[in-house]
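Reading through the structure tokens given below for one structure.
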């Protein structure tokens, strides 16, 4: 039961982050215009689509109730979120120098 709730929360977070990243392609992200920075634009697109795909995989895992698939989706979501955050923070720190 608790795993189902955690996967549901992870799905909602992944959908929100994916939507947020994709919706800011034509806006500023952390006071940096995304269109003016090709590396930030590529990272934002990749991160947005990856989070949407992980949310869809999470929904599939939730309906199948396969513990291994649920574990894989939760781990992939965590690792992807961490890597995207590290890359974006690196881009931001280089812009602020």
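Residue numbers (this note's numbering): 2 to 98.
Note that CB positions come from ideal geometry on N, CA and C, so glycine has one too.
The structure displayed is predicted, hence computed values, not measured ones.
On the CB-based measure, 16 or more other CB atoms within 10 Å of its CB, does residue i come out buried or exposed?
{"i": "residue 52", "result": "buried"}
{"i": "residue 89", "result": "buried"}
{"i": "residue 22", "result": "buried"}
{"i": "residue 30", "result": "buried"}
{"i": "residue 85", "result": "buried"}
{"i": "residue 78", "result": "buried"}
Less than 6 angstroms between C-beta atoms, sequence neighbours within five positions excluded: which residues of the same chain meet that for residue i?
{"i": "residue 18", "result": "52"}
{"i": "residue 58", "result": "74"}
{"i": "residue 46", "result": "none"}
May I ask which residues mark the beginning and end of the alpha helix (DSSP H) holding residue i?
{"i": "residue 47", "result": "39 to 65"}
{"i": "residue 90", "result": "68 to 96"}
{"i": "residue 26", "result": "Here residue 26 belongs to no alpha helix (DSSP H), and DSSP marks it neither H nor E."}
If I measure Cβ to Cβ from residue i and keep anything under 8 angstroms in the same chain, skipping five residues before and after, which residues do I get?
{"i": "residue 63", "result": "5, 8, 9, 12 and 71"}
Could you check which residue in the options has the C-alpha nearest to that of residue i?
{"i": "residue 50", "options": "24, 2, 87 and 83", "result": "24"}
{"i": "residue 48", "options": "81, 60 and 34", "result": "81"}
{"i": "residue 92", "options": "78, 42, 26 and 14", "result": "42"}
{"i": "residue 16", "options": "77, 54 and 2", "result": "54"}
{"i": "residue 44", "options": "61, 83 and 3", "result": "83"}
Count the C-beta pairs between the region 31 to 40 and the region 81 to 98 that are closer than 8 angstroms, then say yes if the count reaches three, no if not.
yes
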